[in-house]
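Note sheet for the following structure.
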Amino acid sequence: MRAIAGWLRRRAENVAAAMLAVMFAAFIIQIVFRYFFNFPIGWTSELTVIMWLWLVLWGAAFVLKENEEIRFDLLSGAAGRRTRIAMGIVAGAAIVILYGISLPATYDYVTFMKVEKSSYLKIRMDWLFSIYLIFAIAVIARYLWLLAHFLRGKEPGEADPTRAGSGL
Amino acid sequence: MSLASPFGLAVLAIVALSLFGLPIGHAMIGGSVLYLALKGLDMGTAAEQLLNGMYTSYVLLAIPLFILAAEFMNSGSIMDRLLRFCNALVGRFRGGLAQVNVVQSIIFASMSGSALADAAGSGKLMQTLMTKDGKYTASFAAALTAASSVIGPIIPPSIPLVLYALVSDTSIGFLFLAGVVPGLLIGAVQMGLIAATARRRNFPVEAPVPLRELPRVTWEALPALLMPVILLGCLYSGVTTPTEAAATAALYALLASALIYRSIGWGDVYKSLVTSARITMSIGMLIAGALVFNYVITVENIPRTLAALLKAHELSPLGFLLLANLLLLVLGCFLEGTTILLVIVPVLLPTAAALGVDPVHFGVVAVVNIMIGLITPPYGLLLFMMVRIADVPLKDLVREVMPFLAVMIGALALITFVPDLVLFLPRLMGYRG
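Sequence lines, in order, name chains A and B.
Residues in the first sequence are numbered from 27 upward in steps of one, following our numbering.
Residues in the second sequence are numbered from 209 upward in steps of one, following our numbering.
Following this line, the structure appears as structure tokens:
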């Protein structure tokens with residue numbers, strides 16, 4: 027089970043790296059075409075924005091661990107183990123409920139967007155925005171899993187500040 | 209705006225969930241959903257705001273690209289050459305290596321937009337160099353690296369200034385120019401502090417590099433030194449947009465490391481992509497959460513209410529800046545900088561505009577302030593990072609960082625009260641403000 031999860035996470039990471047590489051390459055193509063061939067193209071900027079949106083939500087859903095995300099862990103870090111687990115249960119339950127109750131309306135919004143297409147690549151917007159649904163369901167599943175751990179009195183790993191994700 | 213109102217409850221939920229250790233991005237999305245639910249509004253609005261906000265914020269794409277550029281540089285040997293160059297310049301003075309640390313940060317700042325990238329890139333190397341043979345104490349070396357890394361995002365390019373450009377609708381080009389003098393000023397006060405204490409603390413002098421070696425050392429560092437020239441050249445000649453300039457910088461860093469220095473291979477490129485992607489995701493999630501929550505703040509009309517309130521008290525622009533500085537410094541002790549920039553600063557912006565505070569000046573003041581927050585205890589990301597890299601106790605690090613904090617707050621005051629320091633360069637390039 028753990029091995030499969032680890033394998034999937036590494037593949038998710040491959041996908042994320044590929045998305046960033048595509049974004050980078052699209053920018054270079056765009057600059058080359060505009061300034062060397064004097065031929066502005068629009069699809070590259072659309073592609074870069076799509077990659078940005080997907081990279082962030084895909085990553086938040088499948089790649090990042092909780093302790094890599096930007097968090098305020100001063101209080102939870104100072105608390106005792108039992109308190110920290112209790113905090114984790116409250117926070118996890120809240121996130122499952124809040125993402126859960128907004129899921130139907132979110133589904134309606136995303137499917138409603140089928141009426142629109144992106145300007146250059148002509149991709150249906152409900153497909154482009156479907157990453158949010160994937161993200162929301164993954165977040166709910168992840169926090170249910172974390173809740174199950176917390177309820178059995180286990181807690182996930184500690185944060186590593188040298189891998190702090192803030193871009194500051 | 210009572211605590212029992214939907215907005216009050218939403219804020220309470222966000223604060224509580226964040227304190228309980230939930231990622232702040234999720235806490236903001238969750239709190240906003242709670243607000244929509246309590247107000248009886250369409251809960252799909254959270255997704256709508258997030259998706260449209262991310263999809264239309266083209267300027268944000270500069271962030272992953274600047275991160276990528278810094279990663280490419282860190283994984284090659286550019287940093288070593290840069291350090292040798294800095295050592296040849298300032299190593300001969302008392303406290304030479306400490307001065308090298310600051311000069312290296314100033315130069316690296318003109319290639320990277322992130323303080324954490326600077327500390328991660330040069331931190332380990334500087335720590336080893338400075339503590340070898342007991343030259344400096346480990347805690348002083350770590351404190352200095354933390355303090356000098358702060359210069360990174362003040363001198364352009366700068367990730368926080370890109371974020372500020374997003375929330376304030378201000379030109380990135382002018383913001384970047386406005387950061388140059390404040391960044392150099394902070395470097396100068398740090399070097400001044402080192403020079404002033406060098407004799408008393410008996411800091412060592414490095415073996416002077418003969419001046420005839422200088423051309424060779426410079427030549428070897430040249431491709432790295434050219435990077436800011438290329439980057440700023442792209443930006444200010446108008447050849448590329450800021451986002452494209454970031455892509456150009458990343459490409460240049462990649463080519464310089466791969467072809468000129470021959471110091472990175474495919475494996476390193478992949479590693480740089482993964483690291484950059486991870487940083488992008490986590491900062492992106494925070495941006496996503498802020499986009500949703502800022503919608504709630506706008507619906508509630510908070511910024512305008514605050515502006516009207518402060519205007520009614522006839523606050524002077526300087527009085528406002530002073531208050532804003534105090535608020536941001538205090539918040540910076542407890543909150544993560546990106547959160548302050550994306551949530552608190554937008555609330556203050558309409559007041560700044562109503563009082564006639566220049567938005568570019570305000571942006572630089574806010575960013576310098578937030579960067580100082582990275583080294584203020586108890587919550588300072590750079591402190592945490594250096595504790596891990598240098599393996600020193602937090603309390604020793606905090607004690608050594610205090611003098612730096614003091615001179616940097618002095619520099620912040622100067623930047624706040626003399627707007628011309630900030631605005632002189634942008635005006636020279638045509639900024640009307």
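Glycine included, every Cβ here is placed at the ideal spot set by N, Cα and C.
Quantities reported herein were computed from a predicted structural model and do not represent experimental measurements.
Legend entry - Delimiting residues of the alpha helix (DSSP H) encompassing A:I30: Here the question's residue 30 of chain A lines up with position 4 in the first sequence. From DSSP, the alpha helix (DSSP H) with A:I30 extends over 28 to 62.
Inset, instruction - For B:A466, return the contacting residues in chain A, with the cut-off set at a CB-CB distance below 7 Å. - result: Locating residue 466 of chain B in the second sequence gives position 258, where the first residue counts as 1. The contacting residues do not exist; B:A466 stays about 14 Å from chain A at best.
Legend entry - Opposing strand residues paired with A:K143 [DSSP bridges]: To locate residue 143 of chain A, count along the first sequence from 1; it is residue 117. A:K143 has A:R150 as its beta-bridge partners, per DSSP.
Legend entry - chain B contact for A:L46 (CB, 8 Å cutoff): Numbered from 1 along the first sequence, position 20 holds the residue referred to as residue 46 of chain A. For A:L46, the answer is yes, since a Cβ of chain B falls inside 8 Å of its Cβ.
Inset, instruction - Can you tell me which of the three DSSP states B:R640 falls into? - result: Within the second sequence, residue 640 of chain B is the residue found at index 432, counting from 1. Looking at B:R640 - three-state DSSP - the assignment turns out to be coil, as it is neither helix nor strand.
Inset, instruction - Specify, as a first and last residue, the run of the alpha helix (DSSP H) that B:R607 falls within. - result: Within the second sequence, residue 607 of chain B is the residue found at index 399, counting from 1. 602 to 625 is the extent of the alpha helix (DSSP H) around B:R607.
Legend entry - Collapsed DSSP secondary structure at B:V413 in the structure displayed: Position 205 of the second sequence, counted from the first residue, corresponds to residue 413 of chain B. B:V413: strand per DSSP, three-state reduction.
Inset, instruction - To the nearest angstrom, report how far apart A:L100 and A:R35 are at their CA atoms. - result: What you label residue 100 of chain A is simply residue 74 of the first sequence in a count that begins at 1. What you label residue 35 of chain A is simply residue 9 of the first sequence in a count that begins at 1. Distance between the alpha carbons of A:L100 and A:R35: 28 Å.
Inset, instruction - Counting only the same chain and skipping the five closest in sequence on each side, list residues whose C-beta sits under 8 Å from that of B:L514. - result: Numbered from its first residue, the second sequence carries residue 514 of chain B at position 306. Close CB contacts of B:L514 within its chain, under the 8 Å cut and outside five residues either way in sequence, are with V555, L556, P558, T559 (chain order).
Inset, instruction - Would you mind stating whether A:Y61 and B:V447 have Cβ atoms separated by less than 8 Å? - result: One-based indexing of the first sequence puts residue 61 of chain A at position 35. One-based indexing of the second sequence puts residue 447 of chain B at position 239. Cβ atoms of A:Y61 and B:V447: closer than 8 Å.
Inset, instruction - Taking B:A351 as the reference, give the member of B:K247, B:F625, B:P627, B:L589 with the closest Cα. - result: Start at 1 with the first residue of the second sequence, and residue 351 of chain B comes out as number 143. Of B:K247, B:F625, B:P627, B:L589, the smallest CA-CA separation from B:A351 is found for B:L589.
Inset, instruction - Could you work out which residues of chain A lie near B:D250, taking near to mean beta carbons separated by less than 9 Å? - result: As a first step, residue 250 of chain B is located in the second sequence; it is residue number 42 there, counting from the start. Neighbours of B:D250 in chain A, taken as residues whose beta carbon is under 9 Å from its own, are A131, D134, Y135 in chain order.
Legend entry - Straight-line Cα distance separating B:Y639 from B:A355: Here residue 355 of chain B refers to the residue found at position 147 of the second sequence. Here residue 639 of chain B refers to the residue found at position 431 of the second sequence. The straight-line gap from Cα to Cα measures roughly 31 Å.
Legend entry - Short CB-CB distance (under 8 Å) between B:S322 and chain A: Within the second sequence, the letter at position 114 stands for residue 322 of chain B. For B:S322, the answer is yes, since a Cβ of chain A falls inside 8 Å of its Cβ.
Legend entry - Cutoff 8 Å; reference B:P390; Cβ partners in own chain excluding five residues on either side: Reading the second sequence from its first residue, position 182 is the one you call residue 390 of chain B. I362, V572, V576, A619, I623, L629, V630, listed in sequence order.
Legend entry - Cβ separation of B:L242 and A:L124, assumed to be a contact under 8 Å, to the nearest whole Å: Taking the first residue of the second sequence as 1, we reach residue 242 of chain B at position 34. Taking the first residue of the first sequence as 1, we reach residue 124 of chain A at position 98. That belief holds up - the Cβ atoms of B:L242 and A:L124 are roughly 6 Å apart, short of 8 Å.
Inset, instruction - Kindly identify the DSSP beta-bridge partner or partners of B:R289. - result: As a working note, residue 289 of chain B is residue 81 in the second sequence. Paired residue(s): none; B:R289 is not in a bridge.
Inset, instruction - Tell me, please, whether the CB atom of B:L217 is closer than 8 Å to any CB atom in chain A? - result: Sequence index remark: in the second sequence, residue 217 of chain B carries index 9 (1-based). Taking 8 Å as the CB threshold, B:L217 stays off the interface with chain A.
Inset, instruction - Along the alpha helix (DSSP H) that carries B:P554, what are the first and last residues, could you check? - result: Counting from one through the second sequence, the residue named residue 554 of chain B turns up at place 346. Unbroken alpha helix (DSSP H) run through B:P554: 553 to 562.
Legend entry - Residues in the segment 561 to 593 of chain B having any Cβ partner in chain A nearer than 8 Å: Taking 8 Å as the Cβ-Cβ cut-off against chain A, the residues of the segment 561 to 593 of chain B that qualify are I578, M579, L582, P586, Y587, L589, F592, M593.
Inset, instruction - Give a yes or no on whether the minimum CB-CB distance between A:F59 and chain B is below 8 Å. - result: As a position in the first sequence, residue 59 of chain A is number 33, starting the count at 1. No, A:F59 lies away from the interface with chain B (no Cβ there is under 8 Å from its Cβ).
Legend entry - Cutoff 7 Å; reference B:I510; Cβ partners in own chain excluding five residues on either side: Along the second sequence, one-based indexing puts residue 510 of chain B at 302. Excluding the 5 residues flanking it on each side, B:I510 has same chain C-beta neighbours closer than 7 Å at V555, in chain order.
Legend entry - Interface flag, A:L81 vs chain B, CB-CB below 8 Å: Reading the first sequence from its first residue, position 55 is the one you call residue 81 of chain A. For A:L81, the answer is yes, since a Cβ of chain B falls inside 8 Å of its Cβ.
Legend entry - Same chain, Cβ closer than 6 Å to B:V397, five either side skipped, listed in chain order: By 1-based counting over the second sequence, the position of residue 397 of chain B is 189. Sequence-distant partners of B:V397 (beyond 5 residues in either direction) whose C-beta falls short of 6 Å from its own C-beta, in its chain, are V615, A619.
Legend entry - Of the listed residues B:K332, B:L383, B:M493, B:L534, nearest to B:D599 (C-alpha basis): Translated into positions along the second sequence, residue 599 of chain B becomes position 391. Nearest C-alpha to B:D599 among B:K332, B:L383, B:M493, B:L534: B:K332.
Legend entry - Range of the contiguous alpha helix (DSSP H) that encloses A:F88: If you number the first sequence from 1, residue 88 of chain A lands on position 62. Note, A:F88: premise wrong, no alpha helix (DSSP H); not H, not E.
Legend entry - Contact set for A:V165: own chain, Cβ-Cβ below 8 Å, skip 5 residues either direction: Working through the first sequence from its first residue, we reach residue 165 of chain A at position 139. Around A:V165, the same chain offers A86, A87, I121, Y125 as residues with beta carbons nearer than 8 Å, after the five sequence neighbours per side are excluded.
Inset, instruction - With a threshold of 16 other CB atoms inside 10 Å of the CB of B:D566, please say whether the residue is buried or exposed. - result: Your numbering for residue 566 of chain B matches position 358 in the second sequence. By the 16-neighbour rule on beta-carbons within 10 angstroms, B:D566 is buried.
Inset, instruction - Whole angstroms is fine: what's the gap from B:A429's alpha carbon to B:V311's? - result: As a position in the second sequence, residue 429 of chain B is number 221, starting the count at 1. As a position in the second sequence, residue 311 of chain B is number 103, starting the count at 1. Near 14 Å, if we compare the C-alpha coordinates of B:V311 and B:A429.
Legend entry - Contact set between B:A458 and chain A, taken where Cβ atoms lie within less than 8 Å: As a working note, residue 458 of chain B is residue 250 in the second sequence. Residues of chain A passing the Cβ test: F50.
Legend entry - Neighbour flag for A:E95 against chain B, beta carbons, 8 Å: Here residue 95 of chain A refers to the residue found at position 69 of the first sequence. Closer than 8 Å to some Cβ of chain B, the Cβ of A:E95 qualifies, so yes.
Inset, instruction - Could you list which residues in chain E have their beta carbon closer than 7 Å to that of A:T74, in chain order? - result: Among the chains of the structure shown, chain E does not appear; the protein chains present are A and B.
Legend entry - Any C-beta of chain B under 8 Å from that of A:W33: Counted from its first residue, the first sequence places residue 33 of chain A at position 7. It does not; no Cβ of chain B falls within 8 Å.
Legend entry - Backbone CA spacing between B:F301 and B:T336 [nearest angstrom]: As a working mapping, residue 301 of chain B is identified with position 93 in the second sequence. As a working mapping, residue 336 of chain B is identified with position 128 in the second sequence. Going by C-alpha positions, B:F301 is about 19 Å away from B:T336.
Legend entry - Opening and closing residue of the alpha helix (DSSP H) in which B:M319 lies: The count along the second sequence starts at 1 and reaches residue 319 of chain B at position 111. Element bounds for B:M319: n/a, residue is neither H nor E.
Inset, instruction - Hey, could you find the ends of the alpha helix (DSSP H) B:I394 is sitting in? - result: As a first step, residue 394 of chain B must be located in the second sequence, where it is residue number 186. Per DSSP, the unbroken alpha helix (DSSP H) holding B:I394 starts and ends at 380 to 406.
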